[in-house]
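Undergrad:
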Amino acid sequence: MDSGYKDFLPRLGSPINHVTCSHDNQLYATCHTENVIQVISSTFTIKQVYQGLTRTHNLHGPHHPCPTGLLCDPRSGALVLNGKHGHLQFYSVHADRQMYNLDIVCQNFISAENLDRPLVVTDVTCAAFDDTGTWLATVEYWNDDIITPEITLKFWFFDEEKQSYVLNTTVEAPHVEAVHTLKMRPGSGVKGSQAMAVTASNDGKFKLWRVTDDTDIYRSNTKWTCESVGFYRDLAAGSVEFSDDGSLLAVVFGPCITLWEPDNNLLRHTLVSNTSSHCVKHVMFGRHGCSQYLLSTTQNTLTVWSLITCGILWTVDISVQCVAQDPLSDVVALFTANKDLFVFRPSDPTPLFSHVAVSKSAVASAAFIPHTKKSHYRGTTLSWQAQSELYFMNNDQELITVALNDTTKTARNKQDVVQFESNLPRSALSLLMSHHRNKSGSKVNTEKVTRQPTGKFLRELFSSACHVQPSVKSLCRPFIQSLLIPSTQFRSVDNYVA
-12 MDSGYKDFLP
-2 RLGSPINHVT
8 CSHDNQLYAT
18 CHTENVIQVI
28 SSTFTIKQVY
38 QGLTRTHNLH
48 GPHHPCPTGL
58 LCDPRSGALV
68 LNGKHGHLQF
78 YSVHADRQMY
88 NLDIVCQNFI
98 SAENLDRPLV
108 VTDVTCAAFD
118 DTGTWLATVE
128 YWNDDIITPE
138 ITLKFWFFDE
148 EKQSYVLNTT
158 VEAPHVEAVH
168 TLKMRPGSGV
178 KGSQAMAVTA
188 SNDGKFKLWR
198 VTDDTDIYRS
208 NTKWTCESVG
218 FYRDLAAGSV
228 EFSDDGSLLA
238 VVFGPCITLW
248 EPDNNLLRHT
258 LVSNTSSHCV
268 KHVMFGRHGC
278 SQYLLSTTQN
288 TLTVWSLITC
298 GILWTVDISV
308 QCVAQDPLSD
318 VVALFTANKD
328 LFVFRPSDPT
338 PLFSHVAVSK
348 SAVASAAFIP
358 HTKKSHYRGT
368 TLSWQAQSEL
378 YFMNNDQELI
388 TVALNDTTKT
398 ARNKQDVVQF
408 ESNLPRSALS
418 LLMSHHRNKS
428 GSKVNTEKVT
438 RQPTGKFLRE
448 LFSSACHVQP
458 SVKSLCRPFI
468 QSLLIPSTQF
478 RSVDNYVA
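As numbered in this note's numbering, residues -12 to 485 make up the sequence shown, in order.
Printed below as a string of structure tokens:
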């Protein structure tokens, strides 16, 4: 301070929101726009970093807050989305912490001299996992509107020894124009099947990519190559989706939905609605029990097709903003332009669940994350989340989920305790009492006796730890008394006088 010189600590990652100092002036804490706190020593050494869900900064213009959408890592069950520029972040929603960042573009980040005039950086626009998490495909895009845009398609292989994804194949300029959709074929990575991916671009074409053997005399290796190219009537290719078993590929071309055989790239059928001429925005195959249905959305309609009859099963007028599908069930979640949530099965237009205005701003993307522990949603209004939980992100970069309120959770916990108590085995005393008849001749309800340990003594007995309980000898008498049924009949004393 007295030297007259200024010290700087550059490249902290993102703009600083707040700075504070410890009481002894030995530590500084900086809070940044990307939701991170860094603890720095007086010698400008970073001591600790507290990182939550990374928020992207420099959102100027019509940029999407999460270009890749919300994805689920099949290996760790983590939520995968855009993080730092050129990175994918793996975030554990169960532990509420960031696991790690994967550098996709492998470029140094250059900070802008003026925050109001940010530099154009290469960012990840698309990403997709296969079913087992063996392969990860990504698309990078850079465009400054001056020179030719740069488009890169990369395929990553999960290294078991390093426990991380390693770059396998890089494809420069996979399409003439920007790639807007990337999907991996279900069953890719499974033993005995070759992995396959599909990309779609505004150049009017979709391309099928397959992993091939690249082994030579020097090493054993695999690589990805373009197997075939498809187009339809010079229309721009839109959304693409594989069926649940990977036998069909749906590609949108304007108002038409084309069904292809991916192994041979043969056009099998074309679905066109007679009631709407708008371009199809989303297309999605049903899963599990609803695999014979195909879901499509336009600007103001939702339509479900039957793949057996190739006709419309049902349609409703609704403005769809975002669609997500549960990988472990046949449930579909739909968000409207009015920020309303509807959960349904493609086989039935009646919603399983609905909620009005679930977000303050428009929903950008959504995904289902499988549970790691026993679900508390069974038997509640959120039973559709019994296997996976719905998470969605809005334009304000807020990660939101639909959960039970505290009152419902408390009721569910009490119900679980009662269920545990009701499953206790019958004691010898209860078996002996099952042969006893009361004075009126009716049988004692032994089921009620053995399933009704609700007294104060038993609640204290089951709730306290075993190492703090008194001896078994002192517990025997009150335990037997708690199992006895209190008499509800009043007997006259004169009947017992000799």
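Note that beta-carbon positions come from the ideal geometry of N, C-alpha and C, so glycine has one too.
Span of the alpha helix (DSSP H) holding P465?
TA: One-based indexing of the sequence shown puts residue 465 at position 478. Run containing P465: 459 to 470, per the alpha helix (DSSP H) assignment.
Undergrad: Do the stretch 347 to 354 and the stretch 369 to 384 meet, that is, are 3 or more Cβ pairs less than 8 Å apart?
TA: At 8 Å Cβ cutoff, the stretches touch.
Undergrad: Which residues in the same chain as Y364 place their Cβ atom closer than 6 Å to its Cβ, once the five residues preceding and following it in sequence are excluded?
TA: Taking the first residue of the sequence shown as position 1, residue 364 is located at position 377. The answer, listed in chain order, is S370, Q372, A373.
Undergrad: Output the distance between the C-alpha atoms of N287 and C8, rounded to the nearest integer angstrom.
TA: Position 300 of the sequence shown, counting from 1, holds the residue named residue 287. Position 21 of the sequence shown, counting from 1, holds the residue named residue 8. Going by the C-alpha atoms only, they are around 54 Å apart.
Undergrad: If you follow the beta strand (DSSP E) that K210 is in, where does it begin and where does it stop?
TA: As a first step, residue 210 must be located in the sequence shown, where it is residue number 223. Residues 209 to 217.
Undergrad: How far does the beta strand (DSSP E) with S114 in it reach, from first residue to last?
TA: As a working mapping, residue 114 is identified with position 127 in the sequence shown. It should be noted that the sequence gives Ala, not Ser, for residue 114. Per DSSP, A114 belongs to the beta strand (DSSP E) from 110 to 116.
Undergrad: Taking a contact to mean a Cβ-Cβ separation below 8 Å, would you say G39 touches N22 in this structure?
TA: Position 52 of the sequence shown, counted from the start, is the residue given in the question as residue 39. Position 35 of the sequence shown, counted from the start, is the residue given in the question as residue 22. Yes; because the gap between Cβ atoms is below 8 Å, this pair is in contact.
Undergrad: Taking one C-beta from the stretch 96 to 107 and one from the stretch 161 to 169 each time, how about it: are there three or more such pairs within less than 8 Å?
TA: Flag = no, the stretch 96 to 107 and the stretch 161 to 169 do not touch.
Undergrad: Assuming contact is defined by CB atoms lying nearer than 8 Å, are C277 and P333 in contact in what I supplied?
TA: For the purposes of this step, residue 277 is identified with residue 290 of the sequence shown, where counting begins at 1. For the purposes of this step, residue 333 is identified with residue 346 of the sequence shown, where counting begins at 1. Contact: yes.
Undergrad: Verify whether the separation of the beta carbon atoms of R197 and T212 is less than 8 Å.
TA: Numbered from 1 along the sequence shown, position 210 holds the residue referred to as residue 197. Numbered from 1 along the sequence shown, position 225 holds the residue referred to as residue 212. Yes, these two residues count as a Cβ contact at 8 Å.
Undergrad: Taking just the CA atoms, how far does A344 sit from L236?
TA: By 1-based counting over the sequence shown, the position of residue 236 is 249. By 1-based counting over the sequence shown, the position of residue 344 is 357. Between L236 and A344, the C-alpha separation is close to 34 Å.
Undergrad: As an exercise, report each continuous beta strand (DSSP E) stretch of at least 3 residues that is fully enclosed by the stretch 76 to 147, in chain order.
TA: For the stretch 76 to 147, whole beta strand (DSSP E) runs of length 3 or above, ordered along the chain, are 84 to 90, 110 to 116, 122 to 129, 137 to 146.
Undergrad: Measure the beta-carbon distance from V111 to E127 and round it to whole angstroms, keeping in mind my assumption that it falls under 8 Å.
TA: Within the sequence shown, numbered from 1, the residue matching residue 111 stands at position 124. Within the sequence shown, numbered from 1, the residue matching residue 127 stands at position 140. Their Cβ separation, rounded to whole angstroms, is 6 Å, which keeps V111 and E127 in contact under 8 Å.
Undergrad: If we require 4 or more residues per run, which alpha helix (DSSP H) segments fall completely within the stretch 9 to 67?
TA: Runs found: none.
Undergrad: With a cut-off of 8 Å on the beta carbons, I'd call R274 and D232 a contact; round off their distance for me.
TA: Position 287 of the sequence shown, counting from 1, holds the residue named residue 274. Position 245 of the sequence shown, counting from 1, holds the residue named residue 232. That belief does not hold up - the Cβ atoms of R274 and D232 are roughly 10 Å apart, past 8 Å.
Undergrad: Less than 8 Å between CB atoms is the rule here; does Q94 satisfy it with respect to chain D?
TA: You won't find chain D in this structure, because it holds only one protein chain.
Undergrad: What whole-angstrom Cβ distance do Y280 and V291 have, given they're in contact under 8 Å?
TA: For the purposes of this step, residue 280 is taken as the residue at position 293 of the sequence shown. For the purposes of this step, residue 291 is taken as the residue at position 304 of the sequence shown. Correct: roughly 5 Å between the Cβ atoms.
Undergrad: My output table needs one value for V436: the three-state DSSP class, helix, strand or coil.
TA: Walking along the sequence shown from the start, residue 436 turns up at place 449. Unreliable placement is indicated for V436, whose pLDDT of 40 sits below 50; the coordinate value is still reported in the next sentence. Helix, per DSSP.
Undergrad: May I ask you to list the residues that DSSP assigns as paired with K170?
TA: On the sequence shown, residue 170 is found 183 positions in, with the first residue counted as 1. K170 is bridged to V185.
Undergrad: Since H74 and L89 are thought to touch, with beta carbons under 8 Å apart, how far apart are those beta carbons, to the nearest angstrom?
TA: Residue mapping note: residue 74 aligns to position 87 of the sequence shown, counting from 1. Residue mapping note: residue 89 aligns to position 102 of the sequence shown, counting from 1. 6 Å between Cβ atoms; contact.
Undergrad: Can you give the Cα-Cα distance for S226 and F218, rounded to whole angstroms?
TA: Taking the first residue of the sequence shown as 1, we reach residue 226 at position 239. Taking the first residue of the sequence shown as 1, we reach residue 218 at position 231. Distance between the alpha carbons of S226 and F218: 13 Å.
Undergrad: So, are the CB atoms of S260 and H269 less than 8 Å apart?
TA: Taking the first residue of the sequence shown as 1, we reach residue 260 at position 273. Taking the first residue of the sequence shown as 1, we reach residue 269 at position 282. It is not a contact, given that the beta carbons lie outside the stated cut-off.
Undergrad: What did DSSP end up calling C266 once you bin it into helix, strand or coil?
TA: Looking up residue 266 in the sequence shown gives position 279. Note: C266 maps to coil in three-state DSSP.
Undergrad: To the nearest angstrom, report how far apart S98 and D201 are at their CA atoms.
TA: Here residue 98 refers to the residue found at position 111 when the sequence shown is read from its first residue. Here residue 201 refers to the residue found at position 214 when the sequence shown is read from its first residue. Taking the straight line from one Cα to the other gives about 40 Å.
Undergrad: Note down, in chain order, each residue of its chain lying with its Cβ closer than 8 Å to the Cβ of V310, except the 5 sequence neighbours on either side.
TA: To locate residue 310, count along the sequence shown from 1; it is residue 323. So the list reads H269, M271, L282, T284, V319, A320, L321, F322, A353, once near-sequence residues are dropped.
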